[in-house]
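Contents: one structure, followed by commentary.
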Amino acid sequence: MPAAAVSDTGAQFISKIIELVNIERSNAGIPALKPDPELMAAAMYKCRDLSESRQFSHNSATYGEAYKLMDVFNIHYISWGENIASGQDTPEEVMNAWMESPGHRENILDSRFQYIGVGFMYDGYYSTIWSQEFIER
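The following block contains the structure:
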(Lines of atoms letter the chains of each structure in order from A and count residues from 1; the text may use other names and numbers.)
(Lines give C-alpha, C1' and ligand atoms only; values in the text may rest on other atoms or scores of the structure.)
Protein backbone atom coordinates (compact mmCIF):
# COMPACT_ATOMS: atom_id res chain seq x y z
CA MET A 1 0.00 0.00 0.00
CA PRO A 2 1.48 3.39 -0.88
CA ALA A 3 1.59 5.94 1.92
CA ALA A 4 -0.36 9.15 1.52
CA ALA A 5 1.66 12.33 1.20
CA VAL A 6 1.83 14.30 4.42
CA SER A 7 2.02 18.09 4.46
CA ASP A 8 4.61 19.86 6.62
CA THR A 9 1.84 20.78 9.07
CA GLY A 10 0.61 17.20 9.07
CA ALA A 11 4.10 15.89 9.76
CA GLN A 12 4.46 18.36 12.66
CA PHE A 13 1.07 17.34 14.03
CA ILE A 14 1.98 13.64 13.80
CA SER A 15 5.27 14.22 15.64
CA LYS A 16 3.46 16.23 18.30
CA ILE A 17 0.89 13.46 18.84
CA ILE A 18 3.67 10.91 19.40
CA GLU A 19 5.34 13.31 21.84
CA LEU A 20 2.08 13.89 23.74
CA VAL A 21 1.31 10.16 23.88
CA ASN A 22 4.73 9.45 25.31
CA ILE A 23 4.38 12.25 27.89
CA GLU A 24 1.11 10.65 29.07
CA ARG A 25 2.79 7.25 29.20
CA SER A 26 5.79 8.64 31.09
CA ASN A 27 3.46 10.33 33.61
CA ALA A 28 1.84 6.92 34.15
CA GLY A 29 5.21 5.15 34.50
CA ILE A 30 4.80 3.30 31.18
CA PRO A 31 7.59 2.99 28.58
CA ALA A 32 7.44 5.24 25.53
CA LEU A 33 6.06 3.97 22.24
CA LYS A 34 8.32 3.78 19.21
CA PRO A 35 7.05 5.05 15.85
CA ASP A 36 6.87 2.21 13.35
CA PRO A 37 7.02 2.94 9.59
CA GLU A 38 4.42 0.30 8.68
CA LEU A 39 2.06 1.50 11.41
CA MET A 40 2.55 5.09 10.25
CA ALA A 41 1.54 4.05 6.73
CA ALA A 42 -1.46 2.11 8.11
CA ALA A 43 -2.59 5.10 10.18
CA MET A 44 -2.44 7.40 7.15
CA TYR A 45 -4.34 4.81 5.12
CA LYS A 46 -6.99 4.70 7.88
CA CYS A 47 -7.44 8.48 7.62
CA ARG A 48 -7.75 8.29 3.85
CA ASP A 49 -10.22 5.39 4.11
CA LEU A 50 -12.38 7.35 6.57
CA SER A 51 -12.31 10.36 4.28
CA GLU A 52 -13.13 8.48 1.08
CA SER A 53 -15.83 6.23 2.55
CA ARG A 54 -17.52 8.97 4.61
CA GLN A 55 -18.10 6.27 7.22
CA PHE A 56 -16.52 7.29 10.51
CA SER A 57 -16.05 3.86 12.01
CA HIS A 58 -13.35 1.51 13.18
CA ASN A 59 -14.73 -1.01 10.70
CA SER A 60 -14.06 -0.17 7.07
CA ALA A 61 -16.22 -0.52 3.99
CA THR A 62 -12.94 -1.22 2.16
CA TYR A 63 -11.21 -3.88 4.27
CA GLY A 64 -13.79 -4.92 6.87
CA GLU A 65 -13.24 -5.32 10.59
CA ALA A 66 -10.79 -2.88 12.16
CA TYR A 67 -8.01 -5.37 12.91
CA LYS A 68 -7.86 -6.33 9.23
CA LEU A 69 -6.06 -3.05 8.55
CA MET A 70 -2.98 -4.82 9.95
CA ASP A 71 -3.41 -7.53 7.32
CA VAL A 72 -3.55 -4.91 4.53
CA PHE A 73 -0.04 -3.81 5.57
CA ASN A 74 1.20 -7.30 6.51
CA ILE A 75 1.82 -6.15 10.09
CA HIS A 76 2.31 -8.95 12.59
CA TYR A 77 1.21 -8.32 16.15
CA ILE A 78 0.26 -9.99 19.42
CA SER A 79 -2.19 -7.29 20.51
CA TRP A 80 -3.53 -4.26 18.69
CA GLY A 81 -5.52 -1.07 19.31
CA GLU A 82 -6.84 1.88 17.35
CA ASN A 83 -8.01 5.40 18.15
CA ILE A 84 -9.77 7.63 15.64
CA ALA A 85 -11.12 11.16 15.92
CA SER A 86 -12.34 14.00 13.75
CA GLY A 87 -12.90 17.72 13.96
CA GLN A 88 -10.16 18.70 16.42
CA ASP A 89 -7.88 21.46 15.13
CA THR A 90 -4.66 20.70 17.02
CA PRO A 91 -2.75 17.74 18.44
CA GLU A 92 -3.45 19.04 21.94
CA GLU A 93 -7.22 19.13 21.29
CA VAL A 94 -7.36 15.60 19.94
CA MET A 95 -5.15 14.26 22.74
CA ASN A 96 -7.41 15.91 25.33
CA ALA A 97 -10.43 14.28 23.68
CA TRP A 98 -8.76 10.87 23.59
CA MET A 99 -7.56 11.12 27.20
CA GLU A 100 -11.07 12.06 28.37
CA SER A 101 -12.51 8.96 26.69
CA PRO A 102 -11.97 5.78 28.76
CA GLY A 103 -11.49 3.46 25.76
CA HIS A 104 -9.11 5.78 23.92
CA ARG A 105 -7.19 6.51 27.12
CA GLU A 106 -6.87 2.77 27.72
CA ASN A 107 -5.21 2.32 24.32
CA ILE A 108 -2.80 5.20 24.91
CA LEU A 109 -1.81 3.87 28.34
CA ASP A 110 -1.81 0.15 27.52
CA SER A 111 1.57 -1.09 28.75
CA ARG A 112 1.50 -4.02 26.32
CA PHE A 113 1.83 -1.72 23.32
CA GLN A 114 5.36 -0.98 22.13
CA TYR A 115 4.81 0.69 18.74
CA ILE A 116 2.65 3.48 17.40
CA GLY A 117 1.55 4.83 14.05
CA VAL A 118 -0.22 8.18 13.73
CA GLY A 119 -2.21 9.54 10.83
CA PHE A 120 -3.61 13.00 10.20
CA MET A 121 -5.27 14.73 7.28
CA TYR A 122 -7.46 17.68 6.43
CA ASP A 123 -10.75 16.62 4.95
CA GLY A 124 -13.53 18.66 3.40
CA TYR A 125 -16.23 16.57 5.05
CA TYR A 126 -14.96 15.93 8.60
CA SER A 127 -12.59 18.96 8.77
CA THR A 128 -9.73 16.92 10.27
CA ILE A 129 -9.20 13.19 10.66
CA TRP A 130 -6.81 11.67 13.20
CA SER A 131 -5.82 8.06 13.80
CA GLN A 132 -3.54 6.13 16.09
CA GLU A 133 -2.55 2.51 15.58
CA PHE A 134 -0.88 0.60 18.42
CA ILE A 135 0.69 -2.85 18.51
CA GLU A 136 2.54 -5.26 20.71
CA ARG A 137 4.94 -7.60 18.92
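Here the sequence shown is numbered in my numbering, starting from 1422 and rising by one per residue. Quick reminder that beta carbons are idealized off the backbone N, C-alpha and C, glycines included.
Residues that DSSP places opposite residue i in a beta bridge
i, result
"Gln1553", "Asn1504, Val1539"
"Lys1455", "Tyr1536"
"Asp1544", "Ser1548"
Alpha carbon of residue i to alpha carbon of residue j, nearest angstrom
i, j, result
"Ser1478", "Ala1506", "10 Å"
"His1497", "Arg1558", "7 Å"
"Ile1556", "Ala1432", "21 Å"
"Tyr1488", "Gly1502", "8 Å"
"Lys1437", "Phe1541", "11 Å"
N- and C-terminal bounds of the alpha helix (DSSP H) containing residue i
i, result
"Glu1486", "That residue, Glu1486, is in no alpha helix (DSSP H); it is neither H nor E in DSSP."
"Asn1517", "1512 to 1521"
"Leu1471", "1458 to 1474"
6 Å CB neighbourhood of residue i in its chain, flanking five on each side removed
i, result
"Ala1463", "Leu1490, Phe1494, Gly1538, Glu1554"
"Asp1470", "Ser1481, Thr1483"
"Ala1426", "Per-residue confidence for Ala1426 stands at a pLDDT of 49, beneath the threshold of 50, marking its modelled position as unreliable; the derived number appears in the next sentence. Cβ neighbours of Ala1426 beyond the five flanking positions: none."
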